[in-house]
Amino acid sequence: MFSSIVLVVLFIGILIIFHEFGHLIAAKLSRIPVEVFSVGFGPVILKKKFGETEYRLSAIPLGGFIKMVGEEEKAGPAPAQPVPAPSGGYMDKPLGVKVAVIAAGPLSNLLLGFLILLVLYAAFGLPYTAPVISPDARSAAFAVGLRPGDMVVAVDGRVVPSFDDFDARMQENAGRQVSVSVLRDGQRLDVPITVPLAYVDTLVPPVVGNLLAGGPASATDLQPGDTIIAVAGTPVTTWTGFTEIVRRQTGGSYELSWRHAGAVHVDTLRDSLTTDAETGARINLAGVQVSTDWYIAPRVAAVVGNVRKGGPAGKAGMRPGDSIIEFAGLPVREWTDFTEAVYARGGETVPITWQRGAETMRAKVAVTKEGDQLMGQQAGAIGISARVPHRKLSFPMAVGEAASKVGTVTVQTYVVLYKAVTIKNFAKKALGGPIMVARIAYEGANWGWDYFLLLFAILSINLFVVNLLPVPVLDGGRIVLDCIAGIRRRNLNEKELSWAAGIGWVMIGALAVFTIFNDILRLIRK
492 MFSSIVLVVL FIGILIIFHE FGHLIAAKLS RIPVEVFSVG FGPVILKKKF GETEYRLSAI
552 PLGGFIKMVG EEEKAGPAPA QPVPAPSGGY MDKPLGVKVA VIAAGPLSNL LLGFLILLVL
612 YAAFGLPYTA PVISPDARSA AFAVGLRPGD MVVAVDGRVV PSFDDFDARM QENAGRQVSV
672 SVLRDGQRLD VPITVPLAYV DTLVPPVVGN LLAGGPASAT DLQPGDTIIA VAGTPVTTWT
732 GFTEIVRRQT GGSYELSWRH AGAVHVDTLR DSLTTDAETG ARINLAGVQV STDWYIAPRV
792 AAVVGNVRKG GPAGKAGMRP GDSIIEFAGL PVREWTDFTE AVYARGGETV PITWQRGAET
852 MRAKVAVTKE GDQLMGQQAG AIGISARVPH RKLSFPMAVG EAASKVGTVT VQTYVVLYKA
912 VTIKNFAKKA LGGPIMVARI AYEGANWGWD YFLLLFAILS INLFVVNLLP VPVLDGGRIV
972 LDCIAGIRRR NLNEKELSWA AGIGWVMIGA LAVFTIFNDI LRLIRK
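First residue of the sequence shown: 492, per the working numbering; consecutive thereafter.
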């Protein structure tokens, strides 16, 4: 645990240092004297002067800053008695130089994220799941004509090198007919299939997968495979619509309608209120899991990849490379068998059997409950992930994959921020402060180096996006103010800068209080 905490502190420190170092290098290259380079705020713990710059380590590790000569120079009407100002300072520089110096900090975080991803992809390669169809008889593959062990080679003539690529082709063609080329028993076959609409996330149908024992729905005649058609008199056509309406029911009971074997059934469900671990809101649960039978699943062996330090599996003595053969008395043929059994047993203590070499090992594990957004409820977990083979990449390919991942994470971060502003209660679920960052980093450290470095890269890219938001006191706000000054052809005066800074600090302060309070609530509920 101590080593993980040290790793988290170093992780946050590196993010800050890299950011401020970007400003420092850009300022010095632009011949702007830098008086102070500080990692952290508040009381100074250590300081050392090299040349014109004093380097500090301060007590509050929630950021950092550099102080450039002329950065706080007062502007506006000239004083009665001119006061000589330092030449070559920040305010003396052209707009382009100012923008470059300020943008260098966030861009350094973007570069750091890219470099970490590049090292990951160059050293470990890219996670690779072969495009081989799962033997699960419930998979939609059977309904559309695919068979266990089929190796997909192309979709509508486009080569499919991995299962991720196959998934992407399915999503692109949801609801349409495509020709899937497979290798079966040594022969190439072209199988025409109609892609399930559920491949679009928002169109997952409200079909029942499993009923949780003791849940409200278990007291009815609802069965796996039934299609839910209405909740409290409101028609539903997607799983998302079903969960949203159920969560709002707080009147004691509500009516549920579903279709079974062509006939419509109606029954009354009692409320089962709980506190949403993410948003803190009181929500209702029906005790129903979504069916994934529409999904064409890959064949993934039930072999352990990573084991979380301190998790139930880790405490039981499981290690990477172990093959799971039985869980809760149920045989495990592949990874989906295992995950389904674990998901349904949150809060229980159950037996697990695994193979390590020629040795068969047994233990009991206490299954924890963790949030699962697809199921809309708490799901079981024991702190292990599947072993996924990695495909080696050449250096040019690693560069391309790292750049692509940077672009994807950047866009996703902007989308999350937009939803946080436009969708009610989304911010409570999606936004976190320093406690959440530290917790994510700590959890990542417990999952292993590859997972930790991936989180490190993503958070560094997040920092790039957030720092460029047009909020005064952030780098993006500073750039906006400098651009306004450039358009006006005069620097903002002290009063204008003070007003802008005040607004910025109020916004940042309110966000800090919100996110830290949110973080504390998450910890309490956890």
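We put the beta carbon where it would ideally sit given N, CA and C, even for glycine.
Everything numeric in this text was worked out from a predicted model, so none of it was measured.
Paired residues, beta bridge with residue i - DSSP
i: Phe528; result: Tyr546 and Ile557
i: Asn797; result: Ser876
i: Phe818; result: Leu821 and Ile843
i: Arg882; result: Leu617
i: Asp681; result: Ser672
i: Pro687; result: The partner list for Pro687 (beta bridge, DSSP) is empty, contrary to what the question assumes.
i: Asn775; result: Leu764
i: His756; result: Trp749
i: Met642; result: Val623 and Leu674
i: Ile607; result: BP columns for Ile607 are empty, so no partner.
i: Ile719; result: Trp749
i: Leu702; result: Val779
i: Leu537; result: Leu548
i: Glu562; result: Answer is none; Glu562 lacks a bridge partner.
i: Val1019; result: Here the chain has residues from 492 to 1017 only, and residue 1019 is not among them.
i: Glu850; result: Arg847
i: Pro789; result: Ile624
Residues near residue i by beta carbon distance below 8 Å, same chain, minus five either side
i: Thr728; result: Pro696 and Pro697
i: Arg790; result: Ala621, Val623, Ile624, Ser625, Pro626, Pro639, Gly640 and Glu825
i: Glu526; result: Glu543, Thr544, Glu545, Lys558, Met559 and Val560
i: Ile999; result: Val962, Val964 and Leu965
i: Gly706; result: Ser763, Leu776, Ala777, Gly778 and Val779
i: Pro573; result: Legend: pLDDT at Pro573 = 45, less than 50; position of this residue unreliable, value from coordinates given subsequently. Taken in chain order, the list of residues that qualify is empty.
Spatial neighbours of residue i in its chain, beta-carbon cut-off 7 Å, leaving aside the 5 residues before and after
i: Lys883; result: Gly616
i: Ala645; result: Val651 and Ser672
i: Gly874; result: Val798, Arg799, Gly802, Pro803, Ala804 and Gly805
i: Ala948; result: Gly604, Ile607 and Leu608
i: Arg660; result: Val646, Arg649 and Val651
i: Asp583; result: Gly561
Residue i, DSSP secondary structure in three states
i: Arg836; result: coil
i: Ala870; result: strand
i: Arg649; result: strand
i: Leu865; result: Note on Leu865: pLDDT 42, under 50, position unreliable in the model; the coordinate value appears next. Three-state DSSP puts Leu865 in coil, outside helix and strand.
i: Lys584; result: coil
i: Arg969; result: helix
i: Gln740; result: coil
i: Asp963; result: Note that residue 963 is Pro in the sequence shown, not Asp. Pro963: coil per DSSP, three-state reduction.
i: Val590; result: helix
i: Leu725; result: Inspection of the sequence shows that residue 725 is occupied by Thr rather than by Leu. DSSP places Thr725 in strand when its eight states are reduced to three.
i: Thr711; result: coil
i: Val695; result: coil
i: Gly523; result: Reading off the sequence shown, one finds Ile at residue 523, where the question assumed Gly. Residue state, collapsed to three classes: coil.
i: Pro575; result: Its pLDDT being 48, under 50, Pro575 is placed unreliably by the model, and the measurement read from it follows with that caveat. Three-state result, Pro575: coil.
i: Met809; result: coil
i: Ala517; result: helix
i: Glu987; result: helix
Cβ neighbours of residue i in the same chain (closer than 6 Å, five flanking residues each side left out)
i: Leu821; result: Ala832
i: Leu944; result: Ile607 and Leu611
i: Thr685; result: Gln668
i: Gly977; result: Leu586
i: Pro597; result: Phe955, Asn958, Leu959 and Asp966
i: Gly871; result: Val833, Tyr834, Arg836, Gly837 and Val858
Top-ranked residue by Cα proximity to residue i, from the options
i: Ala889; options: Ala613, Arg667 and Val900; result: Ala613
i: Ala788; options: Ala854, Glu543, Glu825 and Gln740; result: Glu825
i: Thr759; options: Ala752, Ala777 and Gly753; result: Ala777
i: Ile508; options: Gly555, Leu965 and Lys519; result: Gly555
i: Val592; options: Ser653, Lys519 and Val907; result: Lys519
i: Gln714; options: Ala877, Pro726, Val682 and Ala754; result: Ala754
i: Gly700; options: Gln780, Ala857 and Ala723; result: Gln780
i: Gly898; options: Ile503, Ser951 and Ala1003; result: Ser951
i: Tyr690; options: Gly838, Gln662, Trp940 and Gly724; result: Gln662
i: Val757; options: Thr711, Pro597 and Val737; result: Thr711
i: Ala792; options: Phe657, Arg878 and Lys589; result: Arg878
i: Pro618; options: Ala594, Lys589, Arg738 and Asp655; result: Asp655
i: Arg738; options: Val902, Leu501 and Arg761; result: Arg761
i: Val912; options: Leu1002, Gly848, Asp658 and Phe528; result: Leu1002
Meets three-Cβ-pair contact criterion under 8 Å: the region 796-808 and the region 827-837: no
Is there contact between the region 591-602 and the region 944-957, where contact requires at least three CB pairs shorter than 8 Å? yes
Quick one: any contact between the region 531-550 and the region 636-643, if contact means 3 or more CB pairs under 8 Å? no
Contact the region 669-688 vs the region 732-751: 3+ CB pairs below 8 Å: no
So, does the region 529-538 touch the region 513-520, judging by three or more C-beta pairs under 8 Å? no
Counting pairs of beta carbons, one from the region 842-850 and one from the region 811-819, are three or more of them closer than 8 Å? yes
Flag this pair as touching only if the region 579-586 and the region 537-545 have three or more C-beta atom pairs under 8 Å; answer yes or no. no
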